[in-house]
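Read top to bottom, the protein sequences are chains A and B. In this text, residue positions in the first sequence follow the working numbering: the first is 2, and each later residue adds one. In this text, residue positions in the second sequence follow the working numbering: the first is 58, and each later residue adds one. For every residue, glycine included, the Cβ atom is placed at its ideal position computed from N, Cα and C. For clarity, every value in this text was computed on a predicted model and none was experimentally measured. Read the structure below first, then the notes.
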Amino acid sequence: MASSTAPAPQAATYPGDLSREQLHELYYWMRLTRSLEERLVLLYRQTRVIGGLFRSLGQEAEAVGSAYALDRDKGDILSPLIRNLGSMLVQGATPVEVLRQYMAKAGSPTQGRELNIHFNDLKRGFIGQISHLGDMVPVMAGITLQFKMTGQKRVGLVYVGDGAMSTGAFHEGLNFAAVQRLPLVVICENNGYAYSTPLRLQTAVAALKDRAPAYGIPGLRTDGNDVLGVYRITKDALERARAGGGVTLIEVVTYRRKGHAEHDNQSYVPPEELAEWEKQDPIDRYVRQLKENGWASADELAAIDTRVQEELDRAVALCEAEALPEPESALDAVLANPSHVEPDWFRRLHG
Amino acid sequence: MAEQTYLEALRQGLMEEMERDERVFILGEDVGAYGGAFKVTEGFQKRFGESRVIDTPISEAAIVGAAAGAAHMGLRPVCEMQFIDFISCAYDIITNYVATARYRAGLSTPIVVRGPSGGYVRGGPFHSQNPEAAFLHTPGLKIVCPATARDAKGLIKSAIRDDDPVLYFEHKYLYRRIKEDIPEGEEILTQIGKARLAREGTDLSIVTWSALVFKALEAAEQLEREDGLSVEVLDLRTLLPMDDEAIMATVRKTNRVLIAHEDTKTGGVAGEITARINEQAFEWLDAPVRRVAAHDVPLPYAPTLEDYVLPQTGDLVGAARWLAAY
């Protein structure tokens, strides 16, 4: 990533295996996630986003930090949830693709068939979720089963929330993956709420990681608003999986600072709770960390902010005038063979 | 010529595909060392190894979900449901995930989900079901229901080679009761989507599939013997996509149609076939389309109860006489 040409301060030492450039990249992805969502809010209010809008405000660190730990050259694959726009971007999904998805454009990755970040590209290493929570756990078990069966040193990362962990599919998929010692890491996003339901009504365990021993796998817990901490713990688990060490479950403790979707006014959330978590904003925290350690200057960060805004300007300008899909295209590609459904008789009447 | 049972033919088809294509693998409950509840995969694990014949936990959603993921990555999984009744545990994954994958995401999901279906075996409410109607309503799936040993083999091979997800409902009543000469070395690939004329006739048609094909053939012979009626029997073989052409051809030929299925009547596949005939061949009918199906109750265990609830040859004979006299 191109950044400011200001020389790195001699005194700075960088955490773990990360370079100064990579530290800047992490900031870029978090900023891009948040700014893209802010653009989407404007488009939503102008009714140009057709369906619901899902925010990840406050969760950018865990999404970006965990996905950044994957090895894109090795062909690792992740499956996101609705709060993982940041993970998708890190894996190569582009803002213009996300905008086209939300605006239901013909040229969107799903040609207007699916919404928001429900899209995929196995080559870039992401497979979109469906709305039925937990289902991607068995699917990712199958993807990593293929890695194992064919002797590839690739790994998978699958996200679940505190709500998804209550589903049968989650249990079945995780248990199967654990039994088969598949190269899979499960990120449990504990963000406090599943839609309006608080964690205490979702599970009786004290911490989500406590469920891991029941599957015979390690369960870890980390501060989800610390991007470097999430990166580190995920990276270790992924490398363990790559070496044949099996599944790890990582609980990232974070907070969903917006409603389930944009229409939801969060009436069920105590205002003081929101205020408390605002102080834990993951981007603000990371900016302080970057500056205090001499890992980035104010100018360098401002340059990244400018770059993000310019990229988003271009992305919105590129796709906002694009057409919606042709109606008849709805009948294509339900099956591989036959690849087309014939219009029904009543459609042909006014041919 | 080698005489093979329906089960042996199915097993042979699976075996041939696993030998032909190393991407094909099997996963399910007790399919490995034990060889499956009905021994369809007996000896497979020894032959192909544990990585290609995988014993899973009792987790139908994980079996089908993992198969889907592996299929996205280029493999050709065959999932066994120990009894097809348990496919309901994977209903979400099949209908929401697998069936929509190509349409919503361009993902190829060439999986087969197979298992023993059907009654007449005193299996009670949870080992006798015919779940086709529950899936007929889901775009993105194919459904096959072989009646003969030849089709048991030919349809499993075609299902494995098909690029779409295929539900393969074999009938456990037929496993060891049906035998056929199947020449060794002949490549049998039954085309998915094509019905089979099991018996030619001119007076009326029975449209059916799976185990009821044989009751329909029995009924046809009895009707010929006792009533001098010429009865055509159409074995649909594939329910999705449905062979409208074959159905309409028999309607136009005999003008009287009885649709028979083993599943319960309300919301059953016969209703769909009736509607298609109504839309496409109404003017060819000389009598109302009639259905013979199981009574609308869960399938009971006791022989007296099961035999009463499920359609029998005598029911088909009676219904056919009613139609012929209309």
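Inter-residue spacing [alpha-carbon to alpha-carbon] between residue i and residue j
i	j	result
Leu-302/A	Arg-35/A	15 Å
Val-346/B	Arg-256/B	19 Å
Arg-114/A	Ile-128/A	15 Å
Met-72/B	Ile-213/B	10 Å
Pro-26/A	Tyr-45/A	Before going on, a small fix: residue 26/A reads as Glu here, not Pro. If I take the Cα positions, the gap works out to 28 Å.
Arg-212/A	Leu-250/A	9 Å
Ala-162/B	Phe-82/B	24 Å
Glu-281/B	Val-288/B	7 Å
Leu-158/A	Thr-151/A	18 Å
Leu-286/B	Asp-260/B	6 Å
Thr-321/B	Asp-112/B	33 Å
Leu-291/B	Cys-136/B	29 Å
Asp-265/A	Ser-197/A	9 Å
Arg-258/A	Leu-275/A	7 Å
Leu-132/B	Glu-79/B	9 Å
Pro-219/A	Leu-325/A	47 Å
Met-2/A	Ile-144/B	Unreliable positioning characterises Met-2/A in this predicted model, as indicated by a pLDDT of 44, which lies under 50. A coordinate reading is not provided.
Gly-175/B	Gly-193/A	47 Å
Val-264/B	Ala-277/B	12 Å
Val-366/B	His-129/B	42 Å
Glu-189/B	Leu-24/A	55 Å
Val-354/B	Val-110/B	37 Å
Ala-23/B	Glu-227/B	Residue 23/B is absent from the structure shown; chain B starts at 58 and stops at 383.
Pro-147/B	Val-121/B	Before going further, note that residue 147/B is Ala rather than Pro in the sequence given. Approximately 7 Å between the Cα atoms of the pair.
Ala-94/B	Pro-173/B	10 Å
Chain A within 8 Å of residue i, Cβ atoms only
i	result
Gly-197/B	yes
Ala-118/B	yes
Asn-153/B	yes
Leu-164/B	yes
Ser-174/B	no
Asp-148/B	Per the sequence presented here, residue 148/B reads as Tyr, with Asp not at that position. For Tyr-148/B, the answer is no, since every Cβ of chain A falls outside 8 Å of its Cβ.
Tyr-232/B	no
Pro-114/B	yes
Ala-124/B	yes
Arg-159/B	yes
Leu-342/B	no
Ser-108/B	yes
Leu-193/B	no
Leu-132/B	yes
Beta-carbon separation (whole angstroms), residue i vs residue j, contact threshold 8 Å
i	j	result
Val-308/B	Trp-266/B	Actually they do not touch by this definition, with Cβ atoms about 17 Å apart.
Ser-80/A	Thr-235/A	Not quite, the Cβ-Cβ distance comes to about 14 Å (not below 8 Å), so this is no contact.
Ala-118/B	Gly-169/A	6 Å
Gly-53/A	Ala-207/A	Not really, about 32 Å apart at Cβ, beyond 8 Å.
Leu-71/A	Met-141/A	No, Leu-71/A and Met-141/A are not in contact; Cβ-Cβ is about 13 Å, not under 8 Å.
Pro-114/B	Val-155/B	Incorrect: roughly 19 Å between the Cβ atoms, too far for contact.
Lys-1/A	Lys-210/A	Within the shown structure, residues of chain A are numbered from 2 to 352, placing residue 1/A beyond reach of any answer.
Cys-320/A	Arg-21/A	The pair is not a contact, with the Cβ atoms about 34 Å apart (cut-off 8 Å).
Closer than 8 Å to chain B by CB, residue i
i	result
Glu-39/A	no
Asn-117/A	no
Leu-357/A	Shown here, chain A extends from 2 to 352; a query on residue 357/A therefore has no answer.
His-133/A	yes
Pro-344/A	no
Pro-326/A	no
Asp-136/A	yes
Pro-81/A	no
Pro-339/A	yes
Ser-4/A	A caution first: Ser-4/A carries a pLDDT of 48, below 50, which makes its placement in the model unreliable, though a value can still be read off. No, because no Cβ of chain B sits closer than 8 Å to the Cβ of Ser-4/A.
Leu-350/A	no
Residue i: CB within 7 Å of a non-hydrogen atom of the ligand HEM
i	result
Gly-225/A	In the structure on display, the ligand HEM does not appear, and there are no ligands present to speak of.
Within-8 Å CB hit, residue i to chain D
i	result
His-129/B	In the structure shown, chain D does not exist; the protein chains are A and B.
Point to revise | Meets three-Cβ-pair contact criterion under 8 Å: the region 25-40 of chain A and the region 85-100 of chain A | key: Because the criterion of three Cβ pairs below 8 Å is met, the region 25-40 of chain A and the region 85-100 of chain A touch.
Practice item. Select from the region 281-312 of chain B all residues with a C-beta closer than 8 Å to any C-beta belonging to chain A, and list them in chain order. Key: Residues of the region 281-312 of chain B whose Cβ lies closer than 8 Å to any Cβ of chain A, in chain order: Pro-298.
Exercise for review: Select from the region 138-165 of chain A all residues with a C-beta closer than 9 Å to any C-beta belonging to chain B, and list them in chain order.
Suggested key: Per Cβ criterion, the list reads Val-138, Pro-139, Val-140, Met-141, Ala-142, Gly-143, Ile-144, Thr-145, Leu-146, Gln-147, Phe-148, Lys-149, Met-150, Thr-151 and Gly-157.
Check your understanding: For the 8 Å Cβ check, are there 3 or more pairs between the region 159-167 of chain B and the region 111-129 of chain B?
Key -> Counting C-beta pairs closer than 8 Å gives three or more between the region 159-167 of chain B and the region 111-129 of chain B, which meets the contact rule.
Exercise for review: Please list the residues of the region 103-131 of chain A that have a C-beta atom closer than 8 Å to any C-beta atom in chain B, keeping them in chain order.
Suggested key: So the list reads Thr-111, Arg-114, Glu-115, His-119, Phe-120, Asn-121, Leu-123, Ile-128, Gly-129 and Ile-131, given in the order they occur along the chain.
Exercise for review: Scan the region 169-193 of chain A for residues whose Cβ lies nearer than 7 Å to a Cβ of chain B and list them as they occur along the chain.
Suggested key: If the cut-off is 7 Å between Cβ atoms, the region 169-193 of chain A has Gly-169, Ala-170, Glu-173, Gly-174, Asn-176, Phe-177 and Val-180 near chain B.
Exercise for review: Could you say if the region 326-343 of chain B and the region 294-309 of chain B meet the contact criterion of at least three C-beta pairs nearer than 8 Å?
Suggested key: By the Cβ test, the region 326-343 of chain B is in contact with the region 294-309 of chain B, since at least three Cβ pairs between them sit closer than 8 Å.
**Study point:** Near-chain A residues of the region 203-230 of chain B (beta-carbon distance less than 7 Å), N- to C-terminal order
**Key:** For the region 203-230 of chain B, the set of residues with a beta-carbon nearer than 7 Å to any beta-carbon of chain A comprises Asp-220 and Asp-221, in chain order.
Check your understanding: Is there contact between the region 223-237 of chain A and the region 56-70 of chain A, where contact requires at least three CB pairs shorter than 8 Å?
Key -> Look at the beta carbons and you see the region 223-237 of chain A touching the region 56-70 of chain A: at least three pairs across the two are nearer than 8 Å.
Point to revise | Cβ pair count under 8 Å reaching 3, the region 121-137 of chain A against the region 170-184 of chain A | key: Segments in contact, yes.
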